[in-house]
Amino acid sequence: MSTKMPLGKGLNAGLRAAMEADDKVLIMGEDVGKLGGVFRITDGLQKDFGESRVIDAPLAESGIVGTAVGLAFRGYRPVLEIQFDGFVYPAYDQIVSQVAKLHFRSQGRVKMPIVIRIPFGGGIGAVEHHSESPEAQFALTAGLKVVSCSNANDAFWMIQQAIASDDPIVFMEPKRRYWDQGEVDTESEPLPLHASKIVRDGTDATLIAYGPMVKTCLEAAEAAAEESMSLEVIDLRTLSPLDLAPVFESVRRTGRAIVVHEASQTLGLGAEISSRITESCFYSLEAPVIRVTGYDLPYPPSRVEEEFLPGLDRVLDAVDRSLAY
Amino acid sequence: MPDAYVADDPAGAFPLVQLLTPEGERVSHADYSYEGDDEAIRGLFRDLVLSRRIDFEAHALQRHGELGLWAPALGQEAAQIGSGRALLPQDFAFPTYREHGVALCRGVDPALLLGLFRGVELGGWDPVEHGFALYSIVIGAQTLHATGYAMGLTLDGEVGRNDPERDAAVIAYFGDGATSQGDVNEAFDWAAVFNAPVVFFCQNNQYAISASTERNTRGPIAQRAGGFGFDGIRVDGNDVLACHAVTTAAMQKARNGEGPTLIEAYTYRMGAHTTSDDPSRYRDSAEVETWKLKDPIERVKRYLLTQGTPQEFFDELDVEADELGKHLRETCKSLPDPDLAALFDHVYVDGSTELEEQKAQYVAFRDSLEPEGSEA
Ligand SMILES: Cc1ncc(C[n+]2csc(CCOP(=O)(O)OP(=O)(O)O)c2C)c(N)n1
């Protein structure tokens, strides 16, 4: 059965399904209960599942993640909401030093099936600390898995898969796409969580993106098609581990790769991806792998974020540069 | 700088609970009493002696190059054994890196404590089997884990049933330095807000490496609890009976569903912070000498001797401690080095393709190397 809904609603429906399926699933975060979260992603869940399963947390990010570690010790599967990307840093220690390492430190005796949901990225005209893209900081931490959805169907399924995972998952939600409508197929078997996906076929170059930039790349491909350029678009979906086999396969066909993300360039995921493409597809490449990213600035004032963030024109410019080789 | 440091509690709002004086005399307290008989006190004495022996042996092993580091608990045995023996099997403890005595109480083979310090393990025991989490090196982090676990106990309905076999609580160990950490203060707040069955057990051993307590707090640590909305108790941390009594009461209160307690065990770290440390740089020997007179083991021995405990008991205990020492020495050297290839399997429950590839690369590279001495 297929239903149209916004991405945020897909998350909400996915959370609901996960809570119905397993009564060990708990939601915890600031304002997630009565208010339903500042983005309303947990709307109505406390009403239906009660205050002990949808827990309004004190205002303490390290506390949210640190107590979830203890709850996981007791067999719970906490799903945590970090209100905004820029507020995850007080919890960074608990995430990278505790959540990520406990399975390893205990030689597999302890599991940390914790999902840390982070609304991330810019484009909503927010004040500072509300538009950041810290995904690489988690993706480089061994022991964590990181995923990002880009559409309502993935939102619905990926959140359930993340919750069912016995490994800790940092779940990056493209906040500026929360309101984008999409078809959600609530019945068909979804892709595995850690699989990337070709979302548009093409032959001239491969665009590689995740989260909010998938839509931007699809729009760029649409625009390019009008000029008779055929761009393939890959939605990575999983950032750690990366599923690059479909990327390599695509780049071997097109000979050109452009990686697009909002996070700043230096040491971003684009660096890893382009290095891996070079290692695997060296003889197929017609041009160097090009990155289109945010600049290496702290997130700027929102009046200039449209220039800071990769948009349609910057992506198309990169395509032109690639094709010019 | 503050004019006067009030950790000594001159106003007397937090008098030390004491049940056994340094001279070995039992004294009474209005609110707390030790319920065990002399046989039970001999049991506590045994634990104190064995835990000190663990320290002694580990220290020697470090000096012989068998351990990279050791964090001695010398002087803190009463705080650890008194509190550790107040726990029931269904309780759960979240330690720092120094809770060797508590580990003993939780049935962890002391030899397993050496693995972390030898560099062959990051843990070594099964936390769930022993109700004793892995050592926490990051200061204060474990107080939140304890609080979350305690919230889980409440959610599971494991408190307040008046069932001594099943009602459970959690204890979190940390130092005086840790009370400056945000996590510890967050843990206090969460525990209070959720009425979590957790006891915060602070061993105020007067130092955080070189920083004395006044560098970490202006007021008595026990007083903090009040600001968060629960009770604080200050106990003579070198008095095993008092530590047992207050912890028993606080744990029972938690098991009853009456929420958290902060216990400040006022004690002293007789040794170095770790074997890498030089305490003579930051404290004078006169201070150490005054604390020697308050030794947690000597006072129990004095008490037991005045009660007519036969010499035989002490002799047998010496033999037992020697055996433990031998066990530690022998096991330490035989703890196997970890197999790097096997470590790849424990990063994730569900693995990852990247790790599988890296493991295969590592194994192939390792296997491609000529075994040592194979070239003539
Ligand atoms: C977050 C963090 N910062 C610094 C350190 C280094 N360090 C290890 S022990 C210690 C002092 C801790 O003092 P206290 O909490 O009083 O515990 P004690 O060692 O005295 O038992 C410090 C600074 C650490 N382990 N973790």
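Heads up: the protein sequence lines correspond to chains A and B, in order.
Heads up: the first sequence begins at 0 in numbering that gives the first Met the number 0, then just goes up one per residue.
Heads up: the second sequence begins at 0 in numbering that gives the first Met the number 0, then just goes up one per residue.
Beta carbons are placed, not taken as given, at the ideal position from N, Cα and C, and that holds for glycine.
Amino acids of chain D, ordered along the chain, whose beta-carbon sits closer than 7 Å to that of residue i
i: B:M250; result: Absence of chain D from the displayed structure is noted, the protein chains being A and B.
Whether residue i touches residue j by CB criterion (9 Å)
i: B:A195; j: B:L152; result: yes
i: A:V24; j: A:E60; result: no
i: A:Q159; j: A:P191; result: no
i: A:G36; j: A:Q82; result: yes
i: A:I115; j: A:V98; result: yes
i: A:L44; j: B:G147; result: no
i: B:L133; j: A:L101; result: yes
i: B:L292; j: B:P14; result: no
i: A:V259; j: A:V288; result: no
i: B:P126; j: A:V109; result: yes
i: A:G331; j: A:S263; result: Here chain A covers residues 0 to 324 and nothing more, so residue 331 of chain A does not appear.
i: B:R62; j: B:T274; result: yes
i: B:L66; j: B:G100; result: no
i: B:W189; j: B:L143; result: yes
i: A:P189; j: A:N152; result: yes
i: B:L303; j: B:F44; result: yes
i: A:F119; j: A:D84; result: yes
i: B:D135; j: B:P71; result: As written in the sequence, residue 135 of chain B is Ser, which differs from the Asp given in the question. Not in contact: B:S135 and B:P71 (Cβ atoms no closer than 9 Å).
8 Å contact criterion, which residue i and residue j should meet: CB distance rounded
i: A:V95; j: A:T140; result: 5 Å
i: A:L235; j: A:A208; result: 7 Å
i: B:S253; j: B:A168; result: Note that residue 253 of chain B is Ala in the sequence shown, not Ser. Contact holds; Cβ gap of about 4 Å.
i: B:A77; j: B:V239; result: 4 Å
i: B:R233; j: B:E185; result: Wrong, their Cβ atoms sit about 23 Å apart, outside the cutoff.
i: A:R199; j: A:E231; result: 6 Å
i: A:K144; j: A:D166; result: 5 Å
i: B:G159; j: B:N255; result: 6 Å
Selected residue, minimal CA-CA separation from residue i, among the options
i: A:S132; options: A:P299, A:E188, A:S229; result: A:P299
i: A:A16; options: A:S51, A:W156, A:G120, A:G142; result: A:W156
i: B:E207; options: B:F131, B:R165, B:D277, B:E157; result: Before going on, a small fix: residue 207 of chain B reads as Ala here, not Glu. Considering only alpha carbons, the answer is B:D277.
i: B:A271; options: B:Y265, B:R282, B:I262, B:A264; result: B:R282
i: B:R165; options: B:L47, B:Q251, B:L143, B:A140; result: B:Q251
i: A:G74; options: B:R328, B:G11, B:L154; result: B:L154
i: A:D92; options: B:P109, B:Q141, B:T308; result: B:Q141
i: B:S333; options: B:D30, B:R117, B:A320, B:G35; result: B:R117
i: B:S32; options: B:L19, B:Q222, B:D314, B:A72; result: B:L19
i: B:E297; options: B:G23, B:A12, B:I220, B:Q17; result: B:G23
i: A:S51; options: A:A194, A:E231, A:G267, A:M27; result: A:M27
i: A:T205; options: A:E172, A:S249, A:M18, A:K33; result: A:S249
i: A:G13; options: A:D319, A:I40, A:I168; result: A:I40
i: A:D30; options: A:L315, A:V53, A:Y294; result: A:V53
i: A:L266; options: A:A222, A:G142, A:Y294, A:T2; result: A:Y294
i: B:S351; options: A:P309, A:D316, A:P240; result: A:P240
i: A:A256; options: A:T237, A:L238, A:E285, A:F307; result: A:E285
heavy atom of ligand 1 below 8 Å from residue i C-beta
i: B:Q79; result: no
i: B:Q310; result: no
i: B:Y206; result: yes
i: B:R97; result: yes
i: B:R268; result: yes
i: B:H272; result: yes
i: B:G74; result: no
i: B:V137; result: yes
i: B:N255; result: no
i: B:D175; result: yes
i: B:Q180; result: yes
i: B:N215; result: yes
i: B:Q202; result: yes
i: B:A70; result: yes
Practice task
Using a Cβ-Cβ cut-off of less than 9 Å, give me the residues of the region 64-96 of chain A that come near chain B, in sequence order.
Solution key: V64, G65, T66, A67, V68, G69, L70, A71, F72, R73, G74, Y75, P77, P89, D92, Q93, S96
Handout entry: Chain-ordered residues of the region 194-206 of chain A with a beta carbon less than 8 Å from chain B
Key = none
Problem - Residues within the region 124-153 of chain A neighbouring chain B, beta-carbon criterion of under 8 Å - result: A141, G142, K144
Handout entry: Residues of the region 172-193 of chain A with Cβ closer than 8 Å to any Cβ of chain B, in chain order
Key = H193
Problem - Interface positions of the region 123-139 of chain B facing chain A (Cβ-Cβ less than 8 Å), listed along the chain - result: D125, P126, V127, A132, L133, V137
Problem - Contact list for the region 330-357 of chain B against chain A, Cβ threshold 7 Å - result: H345, V346, Y347, V348, D349, S351, T352, E353
Exercise for the section: Anything in the region 173-205 of chain B with a Cβ closer than 8 Å to a Cβ of chain A? List those residues in chain order, please. Expected result: G181, D182, E185, A186, D188, W189, V192
Practice task
Check each residue of the region 315-328 of chain B: if its Cβ is closer than 8 Å to any Cβ of chain A, include it; give the result in chain order.
Solution key: none
Handout entry: Cβ-based contacts, 8 Å cut-off: residues of the region 267-288 of chain B near chain A
Key = None of the residues of the region 267-288 of chain B has a beta carbon lying less than 8 Å from any beta carbon of chain A.
Problem - Members of the region 226-247 of chain B near chain A, C-beta cut-off 7 Å - result: none
Practice task
Please name the residues in the region 144-155 of chain B whose beta-carbon is closer than 9 Å to at least one beta-carbon of chain A, in chain order.
Solution key: H144, A145, T146, G147, Y148, A149, M150, G151, L152, T153, L154, D155
Handout entry: Under 7 Å (Cβ pairs) to chain B, residues found in the region 101-113 of chain A
Key = Along the region 101-113 of chain A, the positions whose C-beta sits under 7 Å from a C-beta of chain B are H102, F103, R104, S105, Q106, G107, R108, V109, K110, read in chain order.
Problem - Contact list for the region 100-124 of chain B against chain A, Cβ threshold 7 Å - result: L121, G122
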